[in-house]
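To start, the structure under review is shown below, and the notes come after it.
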Amino acid sequence: LAQLGIRPCDISRQLRVSHGCVSKILARYNETGSILPGAIGGSKPRVTTPTVVKHIRTYKQRDPGIFAWEIRDRLLADGVCDKFNLPSVSSISRILRNKIGNLSQQSQYESGKQAPHPPPQPTLPYNHLYSYPTSKVP
Numbered sequence: 046l047a048q049l050g051i052r053p054c055d056i057s058r059q060l061r062v063s064h065g066c067v068s069k070i071l072a073r074y075n076e077t078g079s080i081l082p083g084a085i086g087g088s089k090p091r092v093t094t095p096t097v098v099k100h101i102r103t104y105k106q107r108d109p110g111i112f113a114w115e116i117r118d119r120l121l122a123d124g125v126c127d128k129f130n131l132p133s134v135s136s137i138s139r140i141l142r143n144k145i146g147n148l149s150q151q152s153q154y155e156s157g158k159q160a161p162h163p164p165p166q167p168t169l170p171y172n173h174l175y176s177y178p179t180s181k182v183p
């Protein structure tokens with residue numbers, strides 16, 4: 046109807062819908078070329094690609110005290126990511142914690158197997174705080 050030159054307010058009256066509804070549909074048509082609604086929900090595209098993880102590891106190895114927000118700035122400045130696929134500070138923190146961990150050891154994600162459990166701690170002797178008297182009193 047809009048392509049025939051009918052005003053949005055007249056379209057809304059004729060179709061018995063709100064003016065806002067007509068405006069929203071016309072704006073979507075002008076923007077996308079379709080009146081179909083956009084996708085609702087779903088998952089966001091992954092931004093933590095192996096390349097991004099590799100760069101984060103390199104930054105952390107060069108400067109172990111670097112903060113996640115500084116890594117984020119470096120990814121953008123070095124052209125590894127653009128503003129559309131730049132990981133959030135929390136995503137970078139999660140990568141540091143889960144995928145990189147302790148840089149002196151190869152992570153379980155790289156080796157493909159589970160990290161070994163730490164050795165058991167030695168147990169303390171019974172009542173180690175109290176020293177029992179060695180001689181008997183008559």
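Residues in the sequence shown are numbered from 46 upward in steps of one, following my numbering. Built from N, CA and C at the ideal position, the CB exists for glycine as well. Model, not experiment: these values are computed from the prediction.
Taking a C-beta distance under 8 Å as the contact criterion, I145 and I101 qualify as a contact pair. By the beta-carbon neighbour count (other beta carbons within 10 angstroms, threshold 16), L120 is buried. Here the C-alpha atom of Y104 lies approximately 53 Å from the C-alpha atom of H64. Non-local C-beta neighbours of W114 in its own chain, meaning closer than 6 Å and more than five positions away in sequence, comprise V134, ordered along the chain. Judged by DSSP in its simplified three-state form, I80 adopts coil rather than helix or strand. When C-beta atoms of the stretch 66 to 74 are compared with those of the stretch 49 to 57, three or more pairs fall below 8 Å, so the two segments count as touching.
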